[in-house]
Every structure is written in structure tokens, then in C-alpha cells.
Amino acid sequence: MGPTPLLVLLPLLCAIGRTQPTATAVTEYYIAAVEIGWDYVHLDDVDPVSDQRKRLKDAPQKYIKAVYREYTDSTYTVPKPRPAWTGIQGPVIVAQAGDRVVVHFKNLASQPFSISPVGITYWKQSEGAGYDDSTAGQEKEDDAVSPGGYYKYVWDINPNDGPTNSDPECLTYSYSSQVDTVRDINSGLIGALLICKASHFIKTQCTVSFVLLFAVFDETKSWYGEIGERRSREKFKRSNRRKEYHTINGYINSTLPGLVLCQGRKHVFWHMIGIGTAPEIHSIQFQDHTLQVLAHRKVNVEVTPMAFITAEMKANAIGRFLISCQIFAHRLDGMDAFFMVEQCPSGPDLRNAQQEDYNYEEYESSFNLVSFPPKNPQVQIRSSRGELSKTWEHFIAAEEVTWDYTPHLKHTDSKLQSEYLATAPHHLEYKYKKVAYVEYTDATFTQRKSSAKTLLGPLLKGKVNDQFHITFRNLASRPFNIYPNGLTRISPLDLRSIGVPPNGTFGYIWSLTTEDGPLEGDPQCLTQLYQSTISPERDLASGLVGTLLICKHGSGSDKDWNLIFAVFDENRSWYIDENLKNSNQISKSNNTDPEFYDSNVIYSKFILKVIFFFFFFENGTDTFASDYMDLRSGEIRYRYYYIAAEEVIWDYGIRKPHQLIKPRKFLPQYKKVVFRAYRDKDFRHPVTRGELQEHLGIMGPFIRAEINDLLTVIFKNKASRPFSFHLQGVYDRSQGAEPVAPGEARTYNWRITIKQGPTDKQLDCKAGAYYSTVNKERDFHSGLIGPLVICKTGTLLTRLGTQPGVEEFALLFNTFDETKSWYLEENLQQYCAPPCHVNPEDPWYHISNKFAAINGYVAETLPGLVVARHQQVRWHLLNVGSDGEYHAVHVHGLPFTDHTEEEHRMGVYKLFPGVFGTLQMKPLTVGTWLVECTIGDYQLAGMRAKLLVYDPHCVLPLGMKSGRIEDSQITASNHRESWEPHLARLEQSGYINAWMGQNKLSWLQVDLLKPTLLHGVQTQGVRAKLRENYITHFTVSYSLDQETWINYRGNSTRQTCIFYGNMDSSKVKENHFSPPFVARYIRIHPVNYERRPALRMELLGCDLNSCSLPLGLQKRQIPDDSLIASSSYSSLLRSWSPTLARLHQQGSANAWRPKNNNPHEWLQVDLGKVKRITGVVTQGAHSLLTQMMVTEFSVTVSHDGQSWSSVLEESSQREKVHQENEEAVTLFDPPLFGQFLRIHPRGWINDIALRLEVLGCDTQQGP
């Protein structure tokens, strides 16, 4: 059937169809990947005289793209109608918590593709992304659907995936193909996924909803780039072969059709999605409109790759308005579109109205006239609260000035100049002719209002319902104007593109409406800009910009400090030629030199202090943040950390022998410097990292503190060059950040204040960082970085200084550039000796020495990300990379919850440079899940890790006692006499029935053949020659490769956890590993023992998918009527019915036996629902001292009990016959999926008799 909530796909969205929330509604979509020809310019219905048509001189050629398209049914022959504005994107998939979404995907393209969603929980069969996640067989079919293939994706929308009370009506997410992330997305495979509240479907009013895809498509990275070029249309053969397109819904140059909405409609929702495989940042503005994003008013919305934003807008004015990226380079690349606001249901059709239609000639004569409405009365009632509105009058001129960017520098400041400023001839002495806004006292423009010298215009401040009357005089030599960002009412007309000529004067009225003012979640005042908009980029580069504050009712502090960070590109200034002409360096300058261009991009900072007098009283109280300690909270804690900077060898997780490293690739390893913890101030005993800390990788140890704590860090520099120690955000300037020389130590003390900790609305702890600041960039790329966690008082209660019941991970997303490391030359000398040759001019030299890493590990090699299902997990995410290194953090199948202000759900977290974020989740689905920066270039470069979510209830004997672990898998360092390793099995019987080592250095090792999750160990001693032998204390070590061994530490405060063993030779002692760990090899090391180190043991654990659980036959969770058979044997005394086929069934008749012994008999188990079946445990029986057992059997499985599939040999595709013995475990690899399982005996001893347990776990259910 078709999707019920298709409503959001349409421009007009009314509550028809679903009238009330339904239980587990199933919505089906028939979606295909199809190949089409695509023009980035939509040529239909474009006015031939419009500005867009003029911009089509650079029109792109037609490309072949792969896109998602929806069809009416499974024949995939009739496409569903789609609004014109949807453009290149696929159909919008809409659901609410509790729904089931079934996507029938058909690949009609020529490359393998998939569908992978963001922001929801799903089973492995519907992930749509392939990586090494310990799955096989049917669970891999979703990863890539071959050309012509079909796959059914089933997504059950969990309640924890839906919007919170603080979220908008619908959360905006996406789905895309993840076979090859970069190529698939650049080919066009992307669509929107909306997860909505139930109220969204039952509202009675109509809403308008659009999905805007802000995408950068790079045709050189598409599957079809060159094919599309060869098939380009004749009319575009003279194009400049442009390859990268900044688009909105796949269109450029304002050619996106169909964005039409009605004036005054209450709910207009824009679902904005950022897409791109490179870290592009867009600043999107809706002309003359503001947006509500969560509880904030926005004029510009930052859209980055994999950003998902739901914004609400009120369309109050009729006309055509521009949606554009305010980053000028992107605007020039065509990232803009128009939306039309019409009077509905009747009114003038402005669909084809152009800006050129307005006649501005009549205003040319009025540039020297200023006419404002009567000023009396100036004070009006602002609202029902009785507050007064006000008219603010300002006289502002544009004046040309000579500006010095470095007035604070003296000629003697040679260190600062050499470090931060370019040297001649690559600069113009940092003095430039510019134009600035200057305020005067009255309309005569003779007396300046302030004598302060600043490049920024005067600060303008008002409250909602106030008005600004601006008298603007242009005293510059070319046309300019003054125009505000973030205001919806500017009169007399849209004057954005109308310039005031030199010596002209013009009057503006700016009204501050409720649509412009702060919302509940905003600060007291919103900061906006005003600027000249004749040629926005060049006007701004010339200096015309100022600050506009729009404040709430009753707001207004006495002092306002405005800190403005500005980048002025003097190359784009109107005065660049004049500045070049007047420069002393003109004869040496070359304006085509890239270094010369960069030197004229000035990074500046302005601080303005302005005093206003807004008097207000509110219950006689003031609210402010204090730097002082909260003395009401009780005692002050003292926390001490001993941290050293020490040099190590680091391989980024790429453990390859030197001879296997290919030419022009990375070095096999690098010398780096890292922060590491020690036990005391002597710095002789390092703190060994255990299972809870190993994920930190290259980062230093956690520094944790609470509000009111006195934190002391004793830092010792054990490296070969000076470094320092700095806490981000907790720095006390009285201590300075002077370098610490090699071999020296320094003590730092900090007082943690309320301001530095989390607020009441935030999570209990928040993230920060510490690092060295001698040369911040080089120190960081050398490896000096660590996580800082500041918590609310009373949070860190455990012996390890952590919060009970919360698992914490700190992840640093960063590209390490070894060419910026202090150890570059040393690494090259060590690992690139002749004939190896280094060419710094070769791009590969820079590419091969960059590592897109998580905690210093690349390509899923980061260890230690292991967490229990339903465990509260707190993620501290860090990004301290360069200014262009933006990351989008995504965990497959596991959405985050953010508590920055209110609780919000999110599928991807935006991590900007210098940003530290703290998020929470409770994983619901077991398995191995990818943690990644989902921006394609970083993902492919290796910024990926794996998170293992396990079921803590899946704790089973691994086979020492049963014999499933074979003798060859058990080895030891040594043994006494005949007490060999293979005898170390729990409850082993016989005269010689255990392993016995020679001394404390002995160890016993078990090879589990594959990585396994270890939960515990059972130990037992032995009695020999009438003497007891047992181990009283032992340690455990483990490995994945038998090369790197790790001593288990767990929750112990010691370097290695010492387990208490046995107290006698017969009783079994069980020890649990908390937390569990992943290993293939495990060793038991005796520490103390009685007489001899003797051991019998069993290992407890589970497979990595936590899918070896008994499904309920033995414990009778599966009822009797779920067991049937082809026949059963009965006699006068007893009946061997199928209901007796339960493991360890007792009684005189205690198993299933068929009427006849033949290979056509079978036993069937109904598991109640579809399960992931990983194995069976089979057992025979006895009758009158006669042993009966099945020695060979085959297996069939079914979803419905009607259609059966046999388990086949992988090589021959013939029926697979499993061999068994008494109480044998048979594993299915790959696992089976079905509700019904049949065992077909093929061989037996004496008679067929079978008792059974089925192993497995829950899995995705069919629709």
C-alpha cells in the first residue's frame, strides 16, 4: 500500500488521512534507484530577461545521475507524482514513533546501491551500510543491492527515536546510499526522512512543509562523471566543464521551481539538510524573513554536511524572496533559490515577478530628502503589559578613512610581527583606505557622536515594537547604503539594491517586530548586523558593517560589550587598486601571487563598550553567573593528578611491517609526544590503562573535577623539548603558561567555579580539554591533548572518580598532520633513510602524512568501545583541529540525546573546530556499530571506529567442560609431569585430571579461535597424592593476535586486577570480568597457590553479537504445543513425544523418539517469532541401559511453517549434514533466520532419540 503520511511531500499539507495515532502503523514505500539525465539549471518557466537567465552563460552540461524515485507498486512502472520543488532528492519518508516503515528497494541503476537511514534505530538487516561488523549471510544482503536486485528494508521506529517535548513537530533526517559514500552521494542518492510526533498527524489546521537539500555535488567524484561528460548535450559543448555545483535541491542560479506558499499561514516548515562529501559550511538566509529553530530566532542558519534542521517561518509579506548562502563564494556558485508568497485563495499572481519590475527611478530625486512620519507621540504602548515603545533616531554617514590594522604594534615588537604578520613584499604595511559607518549628533553631520576610532559602525539597540529612524548620508566616493539583517519590516520599499549616491542623503525606517525579536530560548538580546548591500561582498570588504541589537521587553543591562571577529578580504575591497598605488611596496608586489593575496586577508577583532540606561525591576532580584564558589554546597574536595609529557612511538593503528608499506604512502610509525598519568610526584610508576581507559588512545588521561573542587596538576616534562600544560576554559592567568623545560616539573592549581561547570539544564558533566600552548598547532599535531570533564557537585562518587551507572567515552575527531609535528625531521631520518626520498613539493608527501583519526586511530582500529545494552553512555566529543576541519559525528543505528539547554534528539552531532560536546544515549540494539565522521572525505580517509553493544545476559560456558574447546586450543608455558594443559577442564575426572604448572611464572592459555566477549571464569583445583593443589590468587591477560598482550585491570585501582581464586581443591569459584573484554587468546597467571599451581576451569562469555542465548526449550519458555514431529514412538508404559525433546529432560521417557528409525523423520520447534538462530545443543537419551543418540542431522528453517529452506554446504550447495556427539553444540555460520526450525536425523546409534536446545537471539521481524 502507499504511504499514509505522504502529506509532507506536498506544498499544502493538511491533516487528512490519519486522524489519530495508530498502534504500529505499517507504511510501505516502493523506491528505486534510477539513472537520469540532470541539468543543474532548471530551464523551464524562467523569465528570458531575468537575472537568472543572464547567469546561464556558464550553464552546466547535462550529467547522468542516480536518484531515488518512488513508484506506486512493486512493478516499478508508474512513478508517483512529485512536486517540482523536490528536485533531485528522493521521496520524503514520514513516520512517527511506533510505526513500521517498509522500503521495497529496487536497484534499476548500473552500480550497486543501498538505502541507509540516519537518526533511527534499526536491525543489522536494514542498516544499508557494509563494514566488518561480525555479521554474515542474510545480514549482509542489505549492504549493497546489485543492479537489477531487490531488497526489503524494515525500520521499526523506536519511541526513543522520536522528538522530545522540546523538539519541533518533526525531526529532519536523511537516507542515502552507503556502498561508496563519496561516489553514491555525489551521484545524487539522497532523500529526506522525517520522524514526527503523533500530534503532527492529528492537527486540524493546514501546514506548509518543504524539504531543502543544500548540496555540493562534485562530478569528479560521481560514478558517472566521465560518462555524463561524453553524453553532454550539443548546446553545452562550449561550457567550461565545471565540476562542482553548490545547489538547492539539485538546482543552481535561482532556478529551483515550485516554492510557493500563502501569506499569513501560521505554520510554514522548512526541513533543511546539508549534503556534501567535503567540509563545506553554508550560512543560509531567507530574505526579509526570520526562522524559529527550536526555541531560537535565527536570521542565518548554519548548514553543514549532514546537518539536519527543522525551522518554522511566518510568511507575512507578499512577494518573491531569495533563499541564499551568505558566503559569497557559494552565492557566486549559484546556491540560491526564490520562494513566492501569495495571497490565498485569490490575489495577484506574483509567480513571475522580478526585482527589475520595481521602478526605482522616482526615488533618485529623493536621495537628498528625508521624510519621516510625525514624531509625536514618540512613546507608545508596547504591549498589554503596559511597556512603552520608542523611536530611536540615528544620523549615520559612510566616510572614507585610512585604517591601520596594527596600531598596537611597535617597531620593536619583532617577535609578534615575525610570528603573526607577513613580511614585505607580501603586504601593504597593514594600512588601507576603507569606508566606515560614523554616527553624528544631528542632520547637519558636523559633529561626531563619539571620538573613539573604530572601523565598525555604531551600535544600534532597541526593543521589540521600537522603530529606528536612520538618516544616512553618503560621504564616500561611490554609491553605498545601509541595510539591516534580521528585520522583516523596512520602509519605504525593499531598498537592498538601491544605492545612495556620493553626497546623497536618504531616510530609512526600521521597525522591530515580534518576528524579529528574541524567543524564549534566546538571550536577552539578539545580535544582528547592518551593512551596505549594493555589492555585499565588496561593500563589506571595504568596511561597511555595524552591530544591531534587538532585545526582549524588560531587558537591557547597563553595559554591553560587543566582541566582533571579522575577516576583511582587502583584495575584494573597492579601494584595492588605490591601496596598491599608494603602497610603498607597490614595485615589489605581485597581485597574482597567492602569498600576496593571502596577506591582504586580515583577521581582526573589535571590542566595543557602550553604556545604555534601561531601568527595570523584576521582583527585586538579579540573576547572574558568579565566578565564586558556591559555599552552600558543603565541603571542598582536593583532586590531584600527576601527568607527564613523554615521547612514544605511534602507528595510528596501522600495524604493517616496514617492508609492506607501499611507496609514496605513510611511514610505518611516528615518534610523538603524549600526556600520560603517573601514580605520584616521583613519576616513576605510570598508571597502566585498563579496559575503561584504552579507548583514549593518543589522548592523555581523563582529568575529572566537580564544581568547588581545588584541582592540582603536577606536570613533568619527560620529553626532549619544552612543553606546557593548559586547561581549556579553566585557566587562571596568575599562573601563566610558560614552557616547562625538559626534565622539569611544575605545579598548577585551579579552582573550579560554577561558571566553568554544567548548568542545571545540562547533563551532570561537560567536556573540555587540556593541551600544550608553547606552539599550540605544532604541540597538538605532535600529540599533546587530553580530555577534561567538569561535573556538578556530588557526581563523581566511585573509587575511580567516575559517576555510578554511567559509561563515559571521550572521542577526539581530528586529522593529525605529521608535517606539522616537532618530530618530522626525526621521523624522516628514522623511517625514510636513503634510497627513500622525500619531496615536500609532492602533494602525496602531505596527503600520506595526514591521518583522519579518532583518538589517534584510523580505519576502525580504535580499541575499547564496548558497552552493555541499555547502559547509560555519555559521549564527550572533541574537535581542536584547524579552522576548516568540521566533523559530523554519527553512530549507526544509535541516536544521541543532547541536553545543552533542553532535551533534544539527534542522529548527527555537529562538531566545529574548538567545540567540545557532551551527549548521551542508551543503546537498544546489540551488535557492532560504526562510529564515524559521516562527511565522506573524512570517512573514507579513516575517521571511523567500531562500538560493540553487548547483551549482559549472554553469559555462557564457552566449552572447556563440554569439550567444544578442543585439546589443541589449550596450551601452557610449562607443566609438571603428565598434568598437561588439555586436562584443565572444569569437573575433569580421572587420576590425572588437571593442568599443573611448575611455579609462579607458569601460565595456561586458551585459544578461542575468533574474537569473543569474555564475561568471567570458573576455576577449580585438584587433589593429587592425597594433597590439595589450587590457585588462591591469579591475574588474567588477553590478546587478539598473540603479539600484544594486555593485563586485565577492570574496575581495580591497581595496575592489574588480582582475582581471588579457590580455597580448596574441589569447589568451583566464579569470577566475573567487569567490564567484559574482547579477546581471542586468554591466559591465567597464578600469583599465589597452595602446594602447586593446579587448575581446572571454564570460560564464560558470548559471541560478539550476543546471540548465543538459549531460546527457552530447557526452561519451558517455549510451550509444549510449539514442538511437533513427523511421528513419535509410544509403548504401553511410556510415550516418547516431541514435547519431551528438551535439553536435560528427566524421566523414564525423556526425549523425542520417532515411530521408525529412518531419514525421513523430523522434529520441529516453533520459536514464537522470527529469531536469529546461531546454533543448537543436541543430546541423546538412555532406555533400559541402552544408549540412543543422533550422530548426524540436517536442518531446515522457515518463516511461516510452509516454505522451508535447507542449510547447505557453502562449496557444493548440497544439504549440509552436521556431525554430533553426546551433548554437542552445533553452530550455524552464517546464522539462520526463521520462526520454525526442523532437525532431520541422518545418522544414529541404536535408535533415534533427541533432546534439544536452540541458541540465538531476537532479530528484525517481517512486515
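In this text, residue positions in the sequence shown follow full-length UniProt numbering: the first is 1, and each later residue adds one. We put the CB at the ideal spot given by N, CA and C, even for glycine.
CA-CA distance, residue 968 to residue 982, rounds to 7 angstroms.
Residue pairing by DSSP places residue 75 in no beta bridge whatsoever. DSSP places residue 672 within a strand segment (E or B) once states are collapsed to three. Judged by DSSP secondary structure, residue 286 falls within the beta strand (DSSP E) whose first and last residues are 282-286. In this structure the segment 59-73 does not lie against the segment 116-133, because fewer than three pairs of beta carbons, one per stretch, are closer than 8 angstroms. Secondary structure at residue 652: coil, using DSSP grouped into helix, strand and coil. In this chain, residue 746 is not harboured by any alpha helix (DSSP H); it is covered by the beta strand (DSSP E) spanning 745-751.
Within 10 angstroms of the beta-carbon of residue 867 lie 16 or more other beta-carbons, which makes it buried. By the Cβ-count criterion, residue 821 is buried, with 16 or more other Cβ atoms from all chains shown falling within 10 Å of its own Cβ.
Between residue 391 and residue 466, the gap from beta carbon to beta carbon is short of 8 angstroms. Here residue 296 has 519, 521, 522 as same chain residues with Cβ atoms under 7 angstroms from its own Cβ, once five neighbours each way along the sequence are excluded.
Taking every protein chain shown into account, the CB of residue 78 has fewer than 16 other CB atoms within 10 angstroms, so this residue is exposed. Annotation: the continuous alpha helix (DSSP H) that includes residue 936 extends over 936-941. Of the residues 480, 393, 1139, the one whose Cα lies closest to the Cα of residue 439 is 393. Of the residues assessed, residue 93 falls on the buried side of the cut-off, its CB having 16 or more other CB atoms within 10 angstroms. Annotation for residue 313: 268, 270, 286, 289, 291 place their beta carbon closer than 7 angstroms to its own, counting only its chain and skipping 5 residues before and after. In terms of CA proximity to residue 468, 460 leads the group 460, 475, 474.
Taking a 10 Å sphere around the C-beta of residue 1156, we find fewer than 16 other C-beta atoms and assign the residue as exposed.
Annotation for residue 542: the continuous alpha helix (DSSP H) segment containing it runs 536-542. Excluding its 5 nearest sequence neighbours in each direction, residue 869 has C-beta neighbours in its own chain below 8 angstroms: 923, 924, 925, 926, 949, 950, 951, 952, 1106, listed in chain order. Spanning the alpha carbons of residue 284 and residue 191 requires a straight line of approximately 20 angstroms. Per DSSP, the unbroken beta strand (DSSP E) holding residue 1258 starts and ends at 1251-1258. Ranked by Cα distance from residue 636, the options 32, 644, 710, 568 are led by 710. The distance from the Cβ of residue 322 to that of residue 338 is about 6 angstroms, consistent with a contact at the 8 angstroms cut-off. The segment 297-356 contains, as complete beta strand (DSSP E) runs of 3+ residues, the segments 300-303, 308-313, 319-325, 336-342 (chain order). Close CB contacts of residue 1166 within its chain, under the 6 angstroms cut and outside five residues either way in sequence, are with 1122, 1236 (chain order).
Sequence-distant partners of residue 244 (beyond 5 residues in either direction) whose C-beta falls short of 6 angstroms from its own C-beta, in its chain, are 218.
Per the Cβ contact rule, the segment 151-159 is in contact with the segment 101-118 (3 or more Cβ pairs under 8 angstroms). Here residue 165 is exposed: its Cβ has fewer than 16 other Cβ atoms, across all protein chains shown, within 10 Å.
172 is the residue among 898, 928, 172 whose C-alpha sits nearest the C-alpha of residue 193. Note on geometry: alpha-carbon atoms of residue 501 and residue 399 lie some 13 angstroms from one another. Apart from the 5 residues on each side of it in sequence, residue 1242 sits with its Cβ closer than 7 angstroms to the Cβ of 1159, 1192, 1193, 1194, 1217 in its chain, given in chain order. Following the DSSP letters along the chain, one finds residue 531 inside the beta strand (DSSP E) bounded by residues 525-531. The beta carbon of residue 881 is closer than 7 angstroms to those of 814, 815, 913 in its chain, skipping five residues each way along the sequence. A check of alpha carbon separations from residue 1029 across 1039, 274, 979, 1136 identifies 979 as the nearest.
Uninterrupted alpha helix (DSSP H) stretches at least 4 residues long and entirely within the segment 76-139 do not occur.
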